[in-house]
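>
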Amino acid sequence: MPDTRHLLDIDQLQDSDLEQLLARTLALADGARPAVVPQTVVNLFFEPSTRTRVSFELAARRLGMTVINIELDRSSSSKGESLEDTAATLAAMGVGAIIVRHPETGRCHRLAAGLPPGLRLLNAGDGSGHHPSQALLDLACLKRAGIDVRGRAIAIIGDVRHSRVARSGLGLFSRCGAAELRIAGPDSLMPEVLPQGVTRAASLDEAVRDADVIMMLRVQHERMDQQAWPDPASYHARWGLQTNHLALARPGCRVLHPGPINRGMEISSGVADGPQSLILEQVRMGVYARTAIFEWLFGQDGNPAP
Ligand code: NCD
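Numbering that gives the first Met the number 0 applies: residue 0 is where the sequence shown begins, and numbers increase by one.
#1: Cβ-heavy atom distance between Leu-216 and the ligand MG below 8 Å?
#2: Restricting to Cα atoms, I'd like to know which of Ala-210, Ala-288, Gly-298 is closest to Ala-31.
#3: Measure the alpha-carbon distance for Arg-237 versus Gln-133 and round it to whole angstroms.
#4: Applying the 10 Å Cβ sphere with the 16-neighbour rule, what's the burial state of Val-192?
#5: I'd like to confirm the pairing. Which residues does DSSP put opposite Glu-179 in its beta bridges?
#6: Would you kindly check if the distance between the Cβ of Leu-135 and the Cβ of Leu-20 is under 9 Å?
#7: What did DSSP end up calling Phe-293 once you bin it into helix, strand or coil?
#8: What did DSSP end up calling Val-254 once you bin it into helix, strand or coil?
#9: Where does Thr-51 land, buried or exposed, given buried means 16+ other C-beta within 10 angstroms?
#10: Relative to the C-alpha of Asp-72, which residue among Ala-91, Leu-43, Ala-86 is closest?
#11: Taking 9 Å as the cut-off, decide whether the C-beta atoms of Gly-95 and Met-64 are in contact.
#12: Going by Cα to Cα distance, which pick from Pro-259, Gly-263, Ala-248, Met-223 is closest to Ser-233?
#13: CB-CB under 7 Å to Thr-290, same chain, minus the five flanking residues each way: which ones, in chain order?
#14: On the three-state DSSP scale, how would you describe Asn-243?
#15: Along the chain, where does the beta strand (DSSP E) that runs through Phe-45 open and close?
#16: With the cut-off set at 9 Å, would you say His-256 and Met-214 are in Cβ contact?
#17: Does the separation of the CB atoms of Ser-167 and His-129 fall below 9 Å?
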């Protein structure tokens, strides 16, 4: 095991790490007791977040960790301090891990390269880069709902170009043996280069036909130059998932969305609140996945301390 573990992306994880994280997430969801991790963790979020930030915090508290949320407009970063210096300052105070969400793609990888020894880094989303904890919780959520992604057809629809959720999810689902990975959405929201093993469907109908899993994505206006494009009604008419689309998918198909959801844009309320939706289950599994991630990060074996 390396001296200091980080969670930066899915690719860095060995198969054994993935197996451990998935099994432990499911065990925690089934009622296993979290370990005791006597460490301090600091949330450094340079972008808005509800579920990711809160679920990391809840997970840390369940492990007995001390959690500190730095409000970035009240911290030294607003006085020009670099993230590297903030990290070194926190490490000097004995902080064991920082959770970073940042608008710049690649920022967590860059930060990890120069961290003080012993300070662990969790990537909670870097620009359009990676969001490994989301991919892990999505996989666990599907498994718990009875869907093993091996051999399955998975459709990811919407703003794939700007989505770190899609990037991490596609990487993980492909590693876990998904048979078909399809993406679909407007031209301007498709990646410039199609990831290996991924096909592009021309329409929403084509993307969802015989799919076992449909993941819908929010249009990330904050990562685009165009203001408030595309308009919600025309987007919904062409790319919004509605209940009639579910009839094209495999019976038992489940719907994912990392949230926040924009009802009437990428997804209708009928689907979001319907029986095939796993959206709130994803939120619930997020706490267990992040508990398992902390245990893994600090080398705990997952057994409660005596
Ligand atoms: C996503 C994110 O921040 O990348 N949300 C999340 O973490 N649950 C997706 C999004 O913002 O649309």
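Glycine included, every Cβ here is placed at the ideal spot set by N, Cα and C.
Keep in mind it's a predicted model, so treat the numbers as computed, not measured.
This is what the structure gives:
#1: The ligand MG is absent from the structure shown, which contains only the ligand NCD.
#2: Taking the first residue of the sequence shown as 1, we reach residue 31 at position 32. Ranking the options by Cα distance to Ala-31, first place goes to Ala-288.
#3: Position 238 of the sequence shown, counted from the start, is the residue given in the question as residue 237. Position 134 of the sequence shown, counted from the start, is the residue given in the question as residue 133. Using only the alpha carbons, I get a separation of about 27 Å.
#4: Taking the first residue of the sequence shown as position 1, residue 192 is located at position 193. Answer is exposed; the Cβ neighbour count stays below 16.
#5: Along the sequence shown, one-based indexing puts residue 179 at 180. Ala-152, per the DSSP bridge assignment.
#6: Position 21 of the sequence shown, counting from 1, holds the residue named residue 20. Position 136 of the sequence shown, counting from 1, holds the residue named residue 135. Yes, Cβ-Cβ distance for Leu-20 and Leu-135 is below 9 Å.
#7: Looking up residue 293 in the sequence shown gives position 294. In the structure shown, Phe-293 sits in a helix (DSSP, three-state: H, G or I).
#8: Counted from its first residue, the sequence shown places residue 254 at position 255. Val-254: strand per DSSP, three-state reduction.
#9: To locate residue 51, count along the sequence shown from 1; it is residue 52. Buried.
#10: Counted from its first residue, the sequence shown places residue 72 at position 73. Among Ala-91, Leu-43, Ala-86, the Cα nearest to that of Asp-72 is on Leu-43.
#11: The count along the sequence shown starts at 1 and reaches residue 95 at position 96. The count along the sequence shown starts at 1 and reaches residue 64 at position 65. The answer is yes: Cβ separation under 9 Å.
#12: By one-based count along the sequence shown, residue 233 stands at place 234. When each option's Cα is compared against that of Ser-233, the closest is Gly-263.
#13: Indexing the sequence shown from 1 puts residue 290 at position 291. Answer for Thr-290: Leu-27, Pro-33, Ala-58, Arg-61, Leu-62, listed in chain order.
#14: As a position in the sequence shown, residue 243 is number 244, starting the count at 1. Helix, per DSSP.
#15: What you label residue 45 is simply residue 46 of the sequence shown in a count that begins at 1. Counting along the chain, Phe-45 falls outside any beta strand (DSSP E), and DSSP gives it neither H nor E.
#16: For the purposes of this step, residue 256 is identified with residue 257 of the sequence shown, where counting begins at 1. For the purposes of this step, residue 214 is identified with residue 215 of the sequence shown, where counting begins at 1. Yes, the Cβ-Cβ distance between His-256 and Met-214 is below 9 Å.
#17: Within the sequence shown, numbered from 1, the residue matching residue 167 stands at position 168. Within the sequence shown, numbered from 1, the residue matching residue 129 stands at position 130. Going by C-beta atoms, Ser-167 is nearer than 9 Å to His-129.
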